[in-house]
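Going by the UniProt record's numbering, 102 is the number at position 102 of the sequence shown; the sequence numbering is gapless.
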Amino acid sequence: MTVMLEGAPASDRVELDELTIQLRASLLELEVDRVELVRSRSVPAGSKPSDAIALGALAVSLSPIALRGVLRLLETWITNRPIRKVRVSFGEDSIELEQASSEDQRRLVDAFIAAHLPIPGVQPDRDDAPSGT
Numbered sequence: 001m002t003v004m005l006e007g008a009p010a011s012d013r014v015e016l017d018e019l020t021i022q023l024r025a026s027l028l029e030l031e032v033d034r035v036e037l038v039r040s041r042s043v044p045a046g047s048k049p050s051d052a053i054a055l056g057a058l059a060v061s062l063s064p065i066a067l068r069g070v071l072r073l074l075e076t077w078i079t080n081r082p083i084r085k086v087r088v089s090f091g092e093d094s095i096e097l098e099q100a101s102s103e104d105q106r107r108l109v110d111a112f113i114a115a116h117l118p119i120p121g122v123q124p125d126r127d128d129a130p131s132g133t
């Protein structure tokens with residue numbers, strides 16, 4: 001699973017970096033396997049190692065059962081921070097969380113979770129199962 005933060009118009013790179021670190025710490029309190037900063041694919045020659053980190057991006061390794069907790073955390077986390085949008089990619093699907101009404105956001109998240117929870121007694125096809133990162 002990948003989580004991408006998009007800062008508010010007035011936020012800067014330093015603030016977005018601090019928010020990313022805060023979110024990483026919050027996610028690590030959940031039952032996830034790993035939360036890592038995402039490395040940028042294109043790093044200019046001569047850049048410092050810290051420049052290789054993609055701003056506002058986290059890679060989260062988790063089981064599908066932990067998806068609900070992660071999305072609920074993101075729902076509440078975004079409401080009190082200068083973040084315009086959080087984009088979550090899980091397998092080939094994605095969802096964008098914004099400062100929408102809590103009822104609308106809840107319905108959207110519930111539908112996304114329902115589409116990705118394992119069905120008891122049914123083994124997912126290996127081609128259809130999300131990779132978890």
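Quick reminder that beta carbons are idealized off the backbone N, C-alpha and C, glycines included.
Beta-carbon proximity of residue i to residue j, cut-off 9 Å
{"i": "L71", "j": "T2", "result": "no"}
{"i": "R39", "j": "A54", "result": "yes"}
{"i": "R87", "j": "E15", "result": "no"}
{"i": "I113", "j": "L62", "result": "no"}
{"i": "D104", "j": "G56", "result": "no"}
{"i": "G69", "j": "L37", "result": "no"}
Sequence-distant residues of the same chain with beta carbon closer than 6 Å to residue i, five excluded per side
{"i": "S11", "result": "P82"}
{"i": "K85", "result": "E6, E96 and E98"}
{"i": "S89", "result": "T2"}
Simplified DSSP assignment, three categories, for residue i
{"i": "E103", "result": "helix"}
{"i": "L37", "result": "strand"}
{"i": "L62", "result": "coil"}
{"i": "S26", "result": "helix"}
{"i": "G91", "result": "coil"}
Residue i classed as buried or exposed, judged by whether at least 16 other C-beta atoms fall within 10 angstroms
{"i": "residue 151", "result": "Since the first residue of the chain shown is 1 and the last is 133, residue 151 is not available in this structure."}
{"i": "L27", "result": "buried"}
{"i": "L117", "result": "exposed"}
{"i": "T20", "result": "buried"}
{"i": "I78", "result": "buried"}
Own chain residues within Cβ distance below 8 Å of residue i, not counting five before or after
{"i": "V109", "result": "L71, R72, E75, I95 and L97"}
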